[in-house]
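Let me begin by presenting the structure, written as structure tokens, before commenting on it.
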Amino acid sequence: MKIQSNLALLVTSTALMCCLNISDANPNKRIEQARSAAPPTVSNNATIVDNGEVLVEGNNGWTCMPDTLPGDNAPICVDPVWQEMMQALSNKTEFSTDRVGISYMLQGDQGAGVSNSDPFHENHKEADDYVETGPHLMIIVPKEYLQGITDDPTEGGPYVMWGDTPYAHIMVPVADEK
């Protein structure tokens, strides 16, 4: 199936991934971690992918991974629009959409923070606009819908990440950070 082969490419080559070997991890714990990224109504029937390997074949179009970066404990669940965006990001190609895309990170990004303006920053933690976000949703919308939304994560509420790139999306905090 084309989506499954694209998923393997997405997970192993995305710019958000690195080359740590996590193959010794307990698959059941990795599945549980991946599913914790989204509500059970989404994650219970999602495909679970870990380090490029499909651990659970889903049937609802969602894909969940136990890490945004291997080993970072920042699970993520993405819909097909997000899968397309992440593939474009990994290939550094243009991306645009005429649909809404949703991604869940209900455990937050726990150390997987990034530059708020540059998805390809060489050292995200050294970026002037480095940001980590607690539990959140990420929403991709057509670019014109981003107008009027702040790109400042300190203002409280939703903000735009990577706004001047094809990978712009809305970060929506869903819980106060501890």
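In our numbering, the protein residues as written are 2 to 179.
The beta carbon of each residue, even a glycine, is placed where N, CA and C say it ideally should be.
| Item | Value |
| --- | --- |
| Exposure label - LEU47; buried when at least 16 CB within 10 Å | The question names Leu, but residue 47 in the sequence shown is Ala. Label assigned to ALA47: buried. |
| Anticipated Cβ contact below 8 Å, VAL82 with ILE141, distance rounded | 6 Å |
| From THR94, VAL43, ASP51, residue whose alpha carbon lies closest to that of THR166 | THR94 |
| Strand pairing of HIS170, partner residues [DSSP] | MET162 |
| Opening and closing residue of the beta strand (DSSP E) in which GLU54 lies | 54 to 57 |
| Cβ-based burial, THR64 [other Cβ within 10 Å; buried from 16] | buried |
| Cβ-based neighbour list, PRO159, same chain, cut-off 7 Å, excluding 5 preceding and 5 following | ILE150, ILE171, MET172, VAL173 |
| Per-residue DSSP class, three states only, for ILE150 | coil |
| contact_flag[the segment 122 to 129, the segment 100 to 110] where n(CB pairs < 8 Å) is 3 or more | no |
| Cross-strand partners of ASP51 (DSSP beta bridge) | GLU54 |
| Closest by C-alpha distance to GLY109, when choosing among ASN60, MET139, ASP119 | MET139 |
| Beta-bridge partners of THR42, as assigned by DSSP | According to DSSP, THR42 bridges with nothing at all. |
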